[in-house]
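Here the structure comes first, spelled out in structure tokens, and everything after it is commentary.
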Amino acid sequence: MGIGDWEMEIEVGRVVRSNTTRFAVGCQVLRPQVPAFGALVKVAVLEDEVYGLIHDVRMEDDPFVRQMAATDGLPPEYIEDQRRNRQVPIEVGVLVVGYRHGGQVHHRLPPQPPLSLDVIHTCAAGELVAFTERFDYFRLVLDNRDLPADELLAAHLRDAAQARGAAAGRDFLLDAGRELARLLAADLPRLDAILRRIRP
Amino acid sequence: MTLELGKVVQQIDEMGRVLAERAGRERKALPAARELLRLFAHRQEELCQVAGSEPGQRLRCAAPGDEPLDAAFPAPPLDGPVTLVATDGSQIYPDRHGLAFYYVINVGSILFRHGSGQAPAVATAPRLFYRDEQVYPGGEPVTGDLVGVQRNLAEMRTLADLALSEPGDGPPRLGLTDGPLLIWLQRAALPEGWQERILADYLGCLDRLRAGRVPVAGFVSRPYSAEVVALLYLAQLEPEGRQALTTLAETDYRGLTDRALFGSLAPGERSALFVRGTAANQDFRSRGHEIWFFYLNTGADLARVEVPEWVARQPDALNLVQAAIYDQCRFNNGYPYVLTRADEQAVILGEEREALEGMLVRAIARHGLPLPELSRKAQQKQRARWRRRR
């Protein structure tokens, strides 16, 4: 995410389906940096706010799009029509990593998932820093062996470090590395792979 | 209970044989027909007389335009920006076994600014018809035929409105519809007075387009008409033979289409112009909108393109029609992209119809009526077919 975007909460899209651990968001167009892999996003659920990490950005297709993709010299009007007007949305997968209730951030699964059509926003820098002051949510990420969980956590930690600025970001990554060493003591190759991805 | 495929095996095989036989007959007749096209290429005056004669009208022969019959015109380049407008419609037909006696016409449209780099504007205009005079015109229940022609009219009206809403001093505009411009209004199938009224409204749209200088064309994919074939066949007969002939089905040219006749056009090329031979063209002619046509190789198909006479006689407009349609077909498997998208907008899917009827049931209940239900016949069909629908 560019530094300029850190102060803004940008709308990503709306929830199309959800359960307690994950939800999917539909959005119409890719904008610069939104949605980005590893970004922390949030959605209001009644009194609470549910936090999640974007773990997947996927373009849906249909036979019409596939045929166009194989057509040489396609003029821009056709491409814009397919992207903006046809209902083949971009689907964003979000992994739930915590929630906020009464001002307090919890690194555990929320009592209720978001509802269909709830709006998802990115978190601005201050909120990302606040969410990552503790590391209790690491397990919620690392346990998902069907996702690129290690890449996801590394991308997210690099974001969180960047949000803190150079010096504080470096300290943050060292602290995060120590927590990972504790959690993955029994799986040194995996630990090594993640540490290499977040090395300052 | 079901379609027992075992019982149709033999019929399928026989059908394959018959189709192959028919194709063989057409292959044999085609060289002779093409030879006639060459032979009569410059005898327009003679052919006009044949087409206008009593047998010519009986066989719905096309009449030639001014160009040599066997000419082929390459697609002109599509230079500069062009604004294309296309519409297409779909409907929910009235069903007396349904929840209520009503029908829906949905017109999809697209405004495509060729050369702009912009996303086109797409829209739909759904309309429900449920008032007494709509569903019981002339006191009788509305028929599918009447819904069909009302749909044709709605498509043309939307096309004219949309095309004329664009500034006349901007890029050239072009309106495109799916299917013939020469809509088929069967007087007998429509209630008293409706044929005249719908035709007048439809021709009124063409009046507005002509006044606004917006060329309009109808695109007919895989046409099966044989109006030029009929003309050529009739022309080569002796006068007595012409009088005796009642249908091409009695001749060697049975099943031969204009599409096959012009099958040697190269991609982008159009045939010479002809005038449609259908009797209904008389009504269009009397209002200055006689329908002409040419065949076009779209790159993957041979289509018939219909235009009013005022487009056919205006070289710039005619070139625009050919160039723009061919350009649209290049990127869409030989069929105009804007028509695919207009259809996609218009189509009413089964689940959308179910959602609409759910809303209808709730609206009826809100107004204090007992909940409507399907007819007993429709209910029982649904129950009996349930297992096969899963």
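Protein sequences, first through last, are from chains A and B.
When we follow the numbering used here, the leftmost residue of the first sequence carries the number 1, and every step to the right adds one.
When we follow the numbering used here, the leftmost residue of the second sequence carries the number 201, and every step to the right adds one.
Where a beta carbon is used, it is the ideal one built from N, C-alpha and C, also for glycine.
With 16 other Cβ atoms within 10 Å as the buried cut-off, status of residue i
i	result
L30/A	exposed
M8/A	exposed
D270/B	buried
M356/B	buried
A77/A	One point to set straight first is that residue 77/A is Glu, not Ala, in the sequence displayed. Buried: at least 16 other Cβ atoms inside 10 Å.
R145/A	exposed
D143/A	exposed
Y495/B	buried
K581/B	exposed
R351/B	buried
R588/B	exposed
A251/B	buried
Other residues of its chain near residue i: CB distance less than 6 Å, five sequence neighbours each side excluded
i	result
D543/B	D288
Q244/B	P264
Y402/B	L353 and M356
G412/B	L364
T21/A	V96
V210/A	This structure cannot speak to residue 210/A, because chain A is shown only from 1 to 200.
Same chain only: Cβ atoms within 7 Å of residue i, ignoring 5 sequence neighbours per side
i	result
I292/B	Y303, V304, I548 and R553
I491/B	L381, L382, R476, N481, F484, E506 and P508
A155/A	F37 and G38
R260/B	E427, A430, G477 and T478
E557/B	L299
S290/B	N306, A546, V547 and I548
Y99/A	D48, E49, V50, Y51, H106 and P110
V538/B	L284, A286, I310, F312, L376 and Q528
A130/A	V105
L184/A	R190 and L191
Beta-carbon spacing of residue i, residue j below 9 Å
i	j	result
E469/B	F273/B	yes
A584/B	H297/B	no
L173/A	R14/A	no
L152/A	V141/A	yes
E427/B	A300/B	no
L40/A	T122/A	yes
A591/B	L376/B	Here chain B has residues from 201 to 590 only, and residue 591/B is not among them.
R58/A	E91/A	yes
A363/B	V285/B	yes
L353/B	S309/B	no
P89/A	F23/A	no
A479/B	Q210/B	no
A161/A	P189/A	no
V16/A	G26/A	yes
P326/B	V335/B	no
E11/A	V119/A	yes
Q522/B	P276/B	yes
A232/B	D81/A	no
F64/A	R86/A	yes
L571/B	A563/B	no
P467/B	Y526/B	yes
G344/B	P294/B	yes
Integer Cβ distance of residue i from residue j, believed to fall under 8 Å
i	j	result
G379/B	G418/B	6 Å
L390/B	L346/B	6 Å
L406/B	H314/B	Contact doesn't hold; Cβ gap of about 23 Å is too wide.
V416/B	T457/B	Incorrect: roughly 25 Å between the Cβ atoms, too far for contact.
L445/B	N497/B	In fact, because the Cβ distance is near 31 Å, the residues do not count as touching under 8 Å.
L157/A	A176/A	5 Å
D150/A	I194/A	5 Å
A512/B	L461/B	The Cβ separation is near 19 Å, so there is no contact.
G338/B	E254/B	About 34 Å separates the two Cβ atoms, so there is no contact after all.
L374/B	L520/B	6 Å
L399/B	L385/B	6 Å
G93/A	D56/A	3 Å
A125/A	A163/A	4 Å
Close Cβ partners of residue i (< 8 Å) along its chain, the five nearest in sequence each way excluded
i	result
L74/A	M68
R387/B	Q395
T540/B	N532
G348/B	Q291
R487/B	L403, L406 and D407
G368/B	G412 and R413
CB contact below 9 Å: residue i versus chain E
i	result
P515/B	Here the protein chains are A and B, and chain E is not one of them.
Self-check item: Three or more C-beta pairs below 8 Å linking the stretch 235–243 of chain B and the stretch 428–437 of chain B
Solution: yes
Practice problem: Count the C-beta pairs between the stretch 420–434 of chain B and the stretch 497–512 of chain B that are closer than 8 Å, then say yes if the count reaches three, no if not. | Solution: yes
Quiz item: Would you call the stretch 60–80 of chain A and the stretch 95–114 of chain A touching, i.e. three or more CB-CB distances under 8 Å?
Solution: no
Quiz item: Contact between the stretch 132–141 of chain A and the stretch 176–188 of chain A: three or more CB pairs below 8 Å?
Solution: yes
Exercise. Count the C-beta pairs between the stretch 444–461 of chain B and the stretch 220–230 of chain B that are closer than 8 Å, then say yes if the count reaches three, no if not.
Key: yes
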